[in-house]
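Novice:
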Amino acid sequence: MSNQAIVKMLRGEVTYPSPADGGKNATPPNGYSSGNSTYRQTSTSSSLATTTASQASLLIPSASMRTTRANVGLPTMPRPDSYYRKKTIIGEFKRLKSAITADKEKQDMEKVDLGEEEEEEREQWGHKMDFILSSVGYAVGLGNVWRFPYLCFKNGGGAFLIPYIIFLAIAGAPLFIMEFSIGQFSSLGCIGCWNVVPLLRGMGIGMMVLSGLVAIYYNVIVAWTIYYMGASCQSTLPWSNCDNSWNTENCFDSSIYNGTFNLTQSVRPSEEYWTYRVHRLTDGIDDMGTMNWDVFGAFLAAWIIVYLCIIKGVKSAGKVVYFTATFPYIVLFILLIRGVTLPGAAKGIIFYLKPDFQKLASPEPWKDAANQIFYSLGMSFGSLITFASYNKFKNNCYKDAIMVSFINCGTSIFAGFVIFSVLGFMAQDSGLEVKDVVASGPGLAFKVYPEALSRLPVPQLWSILFFFMLLTLGLDSQFAMSEALITAIADEMSPAQRKKWKWLVTLGVCVALFLCGIPMCMKGGLYVFTLMDWYSAYFSLFIISSCYSLCLCYIYGLKRFVGDIRAMIGYDVFIYWQICWAVLSPLAMLLIVVLGFVFYVPAYYGDYVFPDWAQAIGWLMAFASFLVVPAYSIYAMIFLAEGTFLKRVSFLMKPTWDWGPASNVDRIDHGYKPFPPGRGGRIPVGYTGEYATEADDAAAYTSSNGVSFISGKYTPTEEGREADTASNGTPPPDYNTVA
Numbered sequence: 177m178s179n180q181a182i183v184k185m186l187r188g189e190v191t192y193p194s195p196a197d198g199g200k201n202a203t204p205p206n207g208y209s210s211g212n213s214t215y216r217q218t219s220t221s222s223s224l225a226t227t228t229a230s231q232a233s234l235l236i237p238s239a240s241m242r243t244t245r246a247n248v249g250l251p252t253m254p255r256p257d258s259y260y261r262k263k264t265i266i267g268e269f270k271r272l273k274s275a276i277t278a279d280k281e282k283q284d285m286e287k288v289d290l291g292e293e294e295e296e297e298r299e300q301w302g303h304k305m306d307f308i309l310s311s312v313g314y315a316v317g318l319g320n321v322w323r324f325p326y327l328c329f330k331n332g333g334g335a336f337l338i339p340y341i342i343f344l345a346i347a348g349a350p351l352f353i354m355e356f357s358i359g360q361f362s363s364l365g366c367i368g369c370w371n372v373v374p375l376l377r378g379m380g381i382g383m384m385v386l387s388g389l390v391a392i393y394y395n396v397i398v399a400w401t402i403y404y405m406g407a408s409c410q411s412t413l414p415w416s417n418c419d420n421s422w423n424t425e426n427c428f429d430s431s432i433y434n435g436t437f438n439l440t441q442s443v444r445p446s447e448e449y450w451t452y453r454v455h456r457l458t459d460g461i462d463d464m465g466t467m468n469w470d471v472f473g474a475f476l477a478a479w480i481i482v483y484l485c486i487i488k489g490v491k492s493a494g495k496v497v498y499f500t501a502t503f504p505y506i507v508l509f510i511l512l513i514r515g516v517t518l519p520g521a522a523k524g525i526i527f528y529l530k531p532d533f534q535k536l537a538s539p540e541p542w543k544d545a546a547n548q549i550f551y552s553l554g555m556s557f558g559s560l561i562t563f564a565s566y567n568k569f570k571n572n573c574y575k576d577a578i579m580v581s582f583i584n585c586g587t588s589i590f591a592g593f594v595i596f597s598v599l600g601f602m603a604q605d606s607g608l609e610v611k612d613v614v615a616s617g618p619g620l621a622f623k624v625y626p627e628a629l630s631r632l633p634v635p636q637l638w639s640i641l642f643f644f645m646l647l648t649l650g651l652d653s654q655f656a657m658s659e660a661l662i663t664a665i666a667d668e669m670s671p672a673q674r675k676k677w678k679w680l681v682t683l684g685v686c687v688a689l690f691l692c693g694i695p696m697c698m699k700g701g702l703y704v705f706t707l708m709d710w711y712s713a714y715f716s717l718f719i720i721s722s723c724y725s726l727c728l729c730y731i732y733g734l735k736r737f738v739g740d741i742r743a744m745i746g747y748d749v750f751i752y753w754q755i756c757w758a759v760l761s762p763l764a765m766l767l768i769v770v771l772g773f774v775f776y777v778p779a780y781y782g783d784y785v786f787p788d789w790a791q792a793i794g795w796l797m798a799f800a801s802f803l804v805v806p807a808y809s810i811y812a813m814i815f816l817a818e819g820t821f822l823k824r825v826s827f828l829m830k831p832t833w834d835w836g837p838a839s840n841v842d843r844i845d846h847g848y849k850p851f852p853p854g855r856g857g858r859i860p861v862g863y864t865g866e867y868a869t870e871a872d873d874a875a876a877y878t879s880s881n882g883v884s885f886i887s888g889k890y891t892p893t894e895e896g897r898e899a900d901t902a903s904n905g906t907p908p909p910d911y912n913t914v915a
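Take any residue in the sequence shown, count from 1 to its spot, add 176: that is its number in this note's numbering.
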């Protein structure tokens with residue numbers, strides 16, 4: 177502290193720069209009254225204020241004197257005990273601990289000075305790489321390994337890449353960018369982000385329902401991988417031969433049989449293990465049978481793993497994905513190196529890539545390409561919005577979305593080489609054609625590929641690696657869907673409640689999903705799994721995606737949405753993406769919905785076709801996530817708005833008063849009303865306006881980006897946005913407080 181400052185402090189003339197001077201303290205401390213550019217202490221009770229100038233001058237030290245509290249007549253502070261401690265290892269540790277504690281207290285005091293103690297900040301990713309790996313882990317799931325290679329073989333080999341890349345370009349990547357953007361801009365989950373158009377808040381609830389339905393049966397797959405991984409530790413793989421108690425007389429092991437056999441009735445040992453040992457399958461969904469305790473135990477273990485990994489939210493899940501998102505690539509690379517060295521591998525890879533362009537004349541490849549893009553990228557489940565909501569406001573989510581979407585699709589193509597190189601070996605080893613050993617979905621992962629691995633040297637090692645890879649792929653996707661549900665619920669709580677009870681919300685979600693999935697652990701559970709997988713995430717997935725794209729472009733406004741993205745990344749997105757959002761993506765998705773109805777096939781498993789009542793339940797699941805949209809709109813029209821029908825609709829189609837960035841600094845800097853005290857953190861220096869509530873009440877603040885602050889509207893001056901885009905709703909009672 178300088179000598180002049182000491183004198184002023186003793187005289188009670190401490191200077192605080194006024195807001196006009198751009199100083200830190202826009203408001204004088206208690207006991208001070210404002211002047212032109214300084215604040216003078218008004219209280220005379222302080223001994224410092226009554227000190228005369230002559231007395232103060234006597235206290236000014238000379239240049240040779242050391243300025244200390246004792247030199248200027250102030251009481252000296254006793255030295256801490258740590259100062260007198262001996263320099264031992266324990267003493268040094270205690271001194272370090274004291275320094276850390278003091279530093280933390282200093283940071284807390286700085287937060288108090290800035291007004292940031294009023295609200296707990298929303299949880300954020302510890303590092304940007306946490307977000308990238310979590311997004312990659314979520315997008316790169318089981319479908320990349322067990323579904324894409326089969327679809328490629330089925331729909332013309334390399335020719336299938338044409339519709340696949342087209343749908344990635346016109347629907348997949350654009351909507352991926354859109355979900356990342358709205359989540360990061362609002363810092364809210366899949367329900368809260370629909371404050372942008374309150375009338376359609378039901379779409380966020382629909383995403384939550386959709387994510388919940390898939391999360392119920394998806395973790396059953398994780399349980400199967402745990403079961404198979406445990407079985408892989410046996411000295412002889414149980415699915416490698418026909419010498420087990422569950423095998424039937426039709427079991428046929430082509431690797432050792434040299435005689436004649438009726439191949440029309442033959443069943444592979446891996447298929448009998450799957451049917452009669454793992455599931456002990458009943459005759460149909462009408463007969464659920466008793467509990468399959470082996471699968472139940474694995475299912476319980478799967479949910480315990482999920483809970484322990486997400487108990488701390490993105491802080492814990494963001495660290496787990498450093499392993500779970502990268503390990504599958506290591507295993508895929510190892511399996512590829514081993515696969516291409518096997519006899520017959522080239523035959524399988526050629527079969528995988530050989531193009532048949534005539535098949536593109538059929539609508540089937542186009543429908544399958546769109547399905548695979550949406551299932552693989554995981555759009556409309558709310559998970560992408562949730563992950564992006566934990567980003568910093570200035571993160572470049574635009575580049576992140578493009579990068580993650582192309583990593584996902586590249587992984588699918590890469591996995592095809594891994595799968596078909598081994599299937600080519602299996603076909604040659606069995607004396608069959610590649611097309612006779614190819615399967616899709618669980619059939620590929622739990623029947624065909626394990627049998628192929630059982631024919632390699634040290635099959636236990638390869639099987640454990642393969643199933644552990646499937647486990648990590650499944651867990652990453654399960655983390656994301658569970659976190660989407662948890663965040664959607666937690667966002668409806670106050671910051672204090674969220675900090676105190678989020679662990680309980682996490683536990684409640686995991687327990688509820690576990691209980692709902694128990695029927696799939698019964699002996700007839702595979703039928704329930706098939707029914708849910710067939711119906712739960714098809715039609716609603718595309719309908720919701722097309723609706724929220726149209727909503728943001730034509731209700732909220734494409735120009736305004738692009739401006740919001742500019743506020744985060746600093747530049748306008750490419751015009752191509754805007755055309756996709758407004759026209760191409762909705763049309764592509766509606767086309768897929770039409771094709772889905774035209775080529776609809778009732779659910780079946782093998783030769784078993786589900787009864788009509790089961791198909792009806794399936795259709796109910798198919799539209800459950802979309803029916804909540806009109807249901808919530810009706811509720812909002814009745815209970816959340818007043819006036820005539822048109823006035824209610826108009827009111828509910830405008831953003832709520834608190835829509836926008838979560839931080840007051842970002843809100844004011846980009847033209848949104850700041851939150852009242854207790855929310856949003858500090859008000860930036862230089863802001864002098866009140867919390868305006870009328871459209872024509874302009875605040876006296878313009879950001880460095882040229883953005884005018886007009887009653888909660890994001891109105892970049894260069895675009896001249898209309899005044900009728902103001903947000904709606906009534907702020908809290910204390911919202912008229914001066915900042």
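Beta carbons: idealized from backbone N, C-alpha and C, even for Gly.
For clarity, every value in this text was computed on a predicted model and none was experimentally measured.
Decide yes or no for the touch test of the segment 369-380 against the segment 816-833: beta carbon pairs closer than 8 angstroms, at least 3 of them.
Specialist: The segment 369-380, when compared against the segment 816-833, does touch it at the 8 angstroms Cβ threshold.
Novice: With the cut-off set at 7 angstroms, would you say residue 665 and residue 718 are in Cβ contact?
Specialist: Along the sequence shown, read from residue 1 onward, the residue named residue 665 stands at position 489. Along the sequence shown, read from residue 1 onward, the residue named residue 718 stands at position 542. No; because the gap between Cβ atoms is not below 7 angstroms, this pair is not in contact.
Novice: Quick one: is residue 623 buried, meaning 16 or more other Cβ sit within 10 Å of its Cβ, or exposed?
Specialist: Against the sequence shown, residue 623 aligns to sequence position 447. So residue 623 ends up on the buried side.
Novice: Starting from residue 533, trace the alpha helix (DSSP H) in both directions and tell me its first and last residue.
Specialist: By 1-based counting over the sequence shown, the position of residue 533 is 357. Residue 533 -> no alpha helix (DSSP H), and no H or E assigned at all.
Novice: Short of 7 angstroms in beta carbon distance, which residues of its chain neighbour residue 123, apart from the five on each side in sequence? Order them along the chain.
Specialist: Within the shown structure, residues of the chain are numbered from 177 to 915, placing residue 123 beyond reach of any answer.
Novice: Applying the 10 Å Cβ sphere with the 16-neighbour rule, what's the burial state of residue 392?
Specialist: For the purposes of this step, residue 392 is taken as residue 216 along the sequence shown, with counting starting at 1. Buried is the call here.
Novice: At which residues does the alpha helix (DSSP H) containing residue 304 begin and terminate?
Specialist: Here residue 304 is taken as the residue at index 128 of the sequence shown, counted from 1. First-last of the alpha helix (DSSP H) with residue 304: 304-315.
Novice: Do the segment 521-535 and the segment 654-672 meet, that is, are 3 or more Cβ pairs less than 8 angstroms apart?
Specialist: As far as the Cβ criterion goes, the segment 521-535 does not touch the segment 654-672, which means the pair count is below three.
Novice: What three-state label does DSSP hand residue 811 in the structure shown?
Specialist: Taking the first residue of the sequence shown as 1, we reach residue 811 at position 635. It is helical.
Novice: What residues in its chain sit with their C-beta under 7 angstroms from that of residue 762, if we drop five residues either side in the sequence?
Specialist: Sequence index remark: in the sequence shown, residue 762 carries index 586 (1-based). Answer for residue 762: 722, 725, 726, listed in chain order.
Novice: Flag residue 576 as yes if its beta-carbon sits less than 7 angstroms from any beta-carbon of chain C, otherwise no.
Specialist: In the displayed structure, chain C is absent; only one protein chain is listed.
Novice: Closer than 7 angstroms by C-beta to residue 562: which residues in its own chain qualify, once you throw out the five before and the five after it? Chain order, please.
Specialist: By 1-based counting over the sequence shown, the position of residue 562 is 386. 359, 365, 366, 659, 660, 663.
Novice: Going by Cα to Cα distance, which pick from 331, 347, 387, 323 is closest to residue 801?
Specialist: Position 625 of the sequence shown, counting from 1, holds the residue named residue 801. Per the Cα distances, 387.
Novice: So what does DSSP say about residue 464, is it helix, strand or coil?
Specialist: Within the sequence shown, the letter at position 288 stands for residue 464. If DSSP states are grouped into helix, strand and coil, residue 464 belongs with coil.
Novice: Would you call the segment 462-472 and the segment 688-704 touching, i.e. three or more CB-CB distances under 8 angstroms?
Specialist: In short, these stretches touch, since the Cβ pair count reaches three.
Novice: Taking the straight line between their C-alpha atoms, what separation do you get for residue 748 and residue 638?
Specialist: Stepping through the sequence shown from its first residue, residue 748 is reached at position 572. Stepping through the sequence shown from its first residue, residue 638 is reached at position 462. Near 48 angstroms, if we compare the C-alpha coordinates of residue 638 and residue 748.
Novice: Looking only at C-alpha atoms, which of 805, 842, 820 sits nearest to residue 370?
Specialist: The sequence position of residue 370 within the sequence shown is 194, counting from 1. With distances taken between Cα atoms, residue 370 lies closest to 805.
Novice: Take residue 547 as the anchor and find which of 760, 843, 344 has the nearest alpha-carbon.
Specialist: As a first step, residue 547 is located in the sequence shown; it is residue number 371 there, counting from the start. The option with the nearest alpha carbon to residue 547 is 344.
Novice: Look at the alpha carbon of residue 760 and the alpha carbon of residue 506, and state the distance between them as a whole number of angstroms.
Specialist: In the sequence shown, residue 760 corresponds to position 584, counting from 1. In the sequence shown, residue 506 corresponds to position 330, counting from 1. About 37 angstroms.
Novice: Is it right to say residue 776 is buried, meaning 16 or more other beta carbons lie within 10 angstroms of its own, or is it exposed?
Specialist: One-based indexing of the sequence shown puts residue 776 at position 600. By the neighbour-count rule (16 or more Cβ atoms within 10 Å), residue 776 is not buried but exposed.
Novice: How about residue 363 and residue 565: are their beta carbons less than 7 angstroms apart?
Specialist: Against the sequence shown, residue 363 aligns to sequence position 187. Against the sequence shown, residue 565 aligns to sequence position 389. Yes, the Cβ-Cβ distance between residue 363 and residue 565 is below 7 angstroms.
Novice: DSSP puts residue 698 in a beta bridge; with which residues?
Specialist: Translated into the one-based positions of the sequence shown, residue 698 becomes position 522. DSSP output for residue 698 lists 467 as bridge partner(s).
Novice: Helix or strand or just coil, what does DSSP make of residue 485?
Specialist: Taking the sequence shown and counting its residues from 1, one reaches residue 485 at position 309. Helix.
Novice: Check whether the segment 551-559 touches the segment 478-497, taking contact to mean three or more Cβ pairs, one atom from each stretch, closer than 8 angstroms.
Specialist: No, they do not touch.
Novice: Are there 16 or more other CB atoms within 10 angstroms of the CB of residue 598, so buried, or fewer, so exposed?
Specialist: Stepping through the sequence shown from its first residue, residue 598 is reached at position 422. That one is buried.
Novice: Count the other CB atoms, across all protein chains shown, that sit within 10 Å of the CB of residue 750; report buried if there are 16 or more and exposed otherwise.
Specialist: To locate residue 750, count along the sequence shown from 1; it is residue 574. Classification for residue 750: exposed.
Novice: Give, in chain order, every unbroken run of the beta strand (DSSP E) that is at least 3 residues long and sits entirely within the segment 775-846.
Specialist: DSSP runs (the beta strand (DSSP E)) wholly in the segment 775-846: none.
Novice: Okay, do the segment 398-416 and the segment 495-503 touch, 3+ Cβ pairs below 8 angstroms being the bar?
Specialist: No: fewer than three Cβ pairs fall under 8 angstroms.
Novice: Going by C-alpha distance, which of 792, 532, 459 is nearest residue 712?
Specialist: Reading the sequence shown from its first residue, position 536 is the one you call residue 712. The candidate whose alpha carbon is nearest that of residue 712 is 792.
Novice: Assess contact between the segment 318-338 and the segment 537-551, defined as three or more Cβ pairs (one per stretch) separated by less than 8 angstroms. Is contact present?
Specialist: With a cut-off of 8 angstroms, the segment 537-551 and the segment 318-338 count as touching, because enough Cβ pairs lie within range.
Novice: Quick one: is residue 625 buried, meaning 16 or more other Cβ sit within 10 Å of its Cβ, or exposed?
Specialist: Along the sequence shown, read from residue 1 onward, the residue named residue 625 stands at position 449. Buried, since its Cβ has 16 or more Cβ neighbours within 10 Å.
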